[in-house]
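According to our numbering, the residues represented by the sequence shown are 26 to 405, in order.
Glycine included, every Cβ here is placed at the ideal spot set by N, Cα and C.
Note that the structure is predicted; figures quoted are calculated from it, not measured.
Some notes on the structure that comes next.
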Amino acid sequence: MSSYSASARRHRPPAPKTSSGAFWMVATMLLGLMAGVIGVFALLMWADAREPRAAALPAAAAAPATDPNVALPLTSFAGIVPGNAAELAAAHKPTSAALPPIPAGDLVKVQMTLKDMTVEIAPGVKYNTWAFDGHGAPGPVINVREGQTVEMTLTNGGAIPHSIDFHAARIAPNVAFKDVAPGESITFRFTASDPGVFMYHCGTKPVLAHIANGMYGAIVVQPKAALPRVDNEYVLVGSEWYLNGDGIKEPASLDFAKAHARMPDWVTFNGYANQYVTHPLTAKPGETTRFWVVAAGPTNNVNFHVVGGMLDRAWGNGDVTNPPQTGVQTVLVPAGGGAVFDVKLDKEGLYPFVSHAFADVDLGQVGLLKVGNPKGKPSH
26 MSSYSASARR HRPPAPKTSS GAFWMVATML LGLMAGVIGV FALLMWADAR EPRAAALPAA
86 AAAPATDPNV ALPLTSFAGI VPGNAAELAA AHKPTSAALP PIPAGDLVKV QMTLKDMTVE
146 IAPGVKYNTW AFDGHGAPGP VINVREGQTV EMTLTNGGAI PHSIDFHAAR IAPNVAFKDV
206 APGESITFRF TASDPGVFMY HCGTKPVLAH IANGMYGAIV VQPKAALPRV DNEYVLVGSE
266 WYLNGDGIKE PASLDFAKAH ARMPDWVTFN GYANQYVTHP LTAKPGETTR FWVVAAGPTN
326 NVNFHVVGGM LDRAWGNGDV TNPPQTGVQT VLVPAGGGAV FDVKLDKEGL YPFVSHAFAD
386 VDLGQVGLLK VGNPKGKPSH
């Protein structure tokens, strides 16, 4: 051991007396007690800071269903039909998808009366709509030629204000698309100057509610320079329905919270689920069929696809003034937009046409194009 260490031991100060050791023990205990008090105080402050947020939860849950920022428990009635749904589907008179003829003359007069009415949107499922022309949903198809003048007269036979907004019109909306009070009418004119297929709909606030309640339709503007000749022409308007009940024992109405949450119960072509599965559209082998497609929404797109075929000509965004795409498998039709598709099918068969968002297919947005007299059942 070094002399330094030994010397240090020899000259080490005497150990503290017992009274000094007790002092340090008490000091240590006091410091521990103070730390505990500070910890408890901090915990109370943290809990107090969280208390307002916790208290706000019941108020949020009690907020009205029309508030899109409130998360509410939502009930789905998707796909719910009565036990005799197959019989009801077979007895259903399908909405005609055939494109109507173009009226003669330079002026096309269109008159619509808005009505509150109950319609069937799936086998045995009824819904309280706000309807154009007592037609249910969608409203009547308007077919005109580029350059014709459309004179629109809208009469409101419903219980609340409504309006009509034409995507095909170049016009001041505050003049033409303004609200019409119950019992009143409005008349305006516009020139159909843009060829294609367009949506029309009620533009009264909240627009989401008015479209979701069935206030939409399609207007076709044929170009002066005719499109390639086809054998069949059909109009398909895609839309979705948001129900506050199953609609079986009594008609359902709009669940606005579900519309905001994008949680549809049914998704359809021309207002009724699967109607063109039970009652297919038709063509002959070798014929070309033209689909004029509008995605009315109010929120969903239509991802148009024909199973077993190609979209031989596709005019996206409803614009038929530009050359079409050719040999396309699927084309997106955005909500509020339109598109035109030509499909030539040479072989007999049952060809499903769908929105290729298959959650929508499961909720009813599917139909069949029956080519010839095929045997067997659909593949999809």
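Contacts around residue i, its chain only, beta-carbon distance under 7 Å, and the 5 residues preceding and following it disregarded
i	result
A79	Because A79 carries a pLDDT of 33, less than 50, the predicted location of this residue cannot be relied on, and the following value inherits that uncertainty. Cβ within range, chain order: n/a, list empty.
T351	D337, R338
P220	E171, V246, Q247, P248, V345, T346
L357	N326, N328
A84	Note that A84 has pLDDT 30, beneath the 50 cutoff, so the model's placement of it is unreliable and no number is given.
G182	T138, L139, K140
Q136	T178
P359	A320, N326
Reference residue i, options the options, closest by Cα
i	options	result
P128	K203, G172, P289	G172
W317	V327, P305, G333, L268	V327
C227	P163, Y259, P377	P163
A116	Y259, F294, H304, P276	H304
G104	G149, D141, P98, K134	G149
E176	A194, P186, G159, A184	A194
R187	I196, E209, A197, N168	A quick correction: the sequence has His, not Arg, at residue 187. Selected option, being the one with the closest Cα: E209.
E275	P231, P165, P107, P126	P107
D190	T307, G343, I244	I244
A206	H192, T180, G397	T180
G361	G374, M142, T324	T324
A251	H381, T174, V169	V169
K134	L375, P98, T355, T174	T174
A123	P98, I167, G159, P359	I167
V302	M224, V260, K395	K395
K309	A382, S278, G397	G397
P125	P165, N109, M142, G363	P165
K118	V232, L306, F223	L306
R214	A197, A184, M224, L279	A197
P348	M142, P253, R287	P253
G242	T216, A184, F294, A217	F294
G343	T216, G334, V260	V260
Close-in-space but distant-in-sequence residues of the same chain around residue i (CB under 6 Å, 5 per side omitted)
i	result
F366	F316, L336, A339
W291	I146, A147, W266, A298, L388, G389
G272	V150, K151, Y152
H405	V332, P377
K369	T313, D337
V379	H330, V386, V391
F102	L268, D271, D290
A114	P148, T303
A277	Y152, L268, N269, G270
H192	F223, M224
Element boundaries [alpha helix (DSSP H), containing residue i]
i	result
Y301	300 to 303
K283	281 to 285
E176	Per DSSP, E176 belongs to no alpha helix (DSSP H); it is in the beta strand (DSSP E), 174 to 181.
I236	232 to 237
V386	383 to 387
N407	With the chain represented from 26 up to 405, any question about residue 407 goes unanswered, as that position is not in the structure.
P198	198 to 201
Sequence-distant residues of its chain with Cβ nearer than 8 Å to residue i (five each side left out)
i	result
G296	T120, V144, I146, G161, A162, P163, G239, V262, S264
P403	V302, L375, P377, L393
Counted within 10 angstroms of its Cβ, other Cβ atoms place residue i as buried (16 or more) or exposed
i	result
A384	exposed
Q300	buried
A74	In this prediction, A74 scores a pLDDT of 42, lower than 50, which makes its location untrustworthy; no coordinate-derived value is stated.
A156	buried
P3	A query on residue 3 cannot be resolved here, the shown segment of the chain reaching from 26 to 405 and no further.
E258	buried
D256	exposed
A88	Reliability fails at A88, whose pLDDT of 32 lies under 50, so the model's placement of it is uncertain and the value that follows must be treated cautiously. So A88 counts as exposed.
D131	exposed
K230	exposed
A111	exposed
V200	exposed
L82	In this prediction, L82 scores a pLDDT of 28, lower than 50, which makes its location untrustworthy; no coordinate-derived value is stated.
I236	buried
T100	exposed
K372	exposed
T212	exposed
G311	exposed
K283	buried
Residue(s) in a DSSP beta bridge with residue i
i	result
Q136	T178
T212	T178
R170	Q247
P377	L393
M142	T154
D344	In DSSP, D344 forms no bridge with anything.
For residue i, the first and last residue of its enclosing beta strand (DSSP E)
i	result
L336	336 to 340
N398	Element bounds for N398: n/a, residue is neither H nor E.
L113	From DSSP, L113 is part of no beta strand (DSSP E) but of the alpha helix (DSSP H) over 110 to 116.
M224	221 to 226
D367	363 to 369
A295	Note that residue 295 is Asn in the sequence shown here, rather than Ala. Taken as a continuous stretch (DSSP letters only), N295 belongs to no beta strand (DSSP E), as it is neither H nor E.
V356	355 to 358
Contact with chain D by residue i, beta-carbon distance below 9 Å
i	result
D367	Given the protein chain composition of this structure (a single chain), no chain D is represented.
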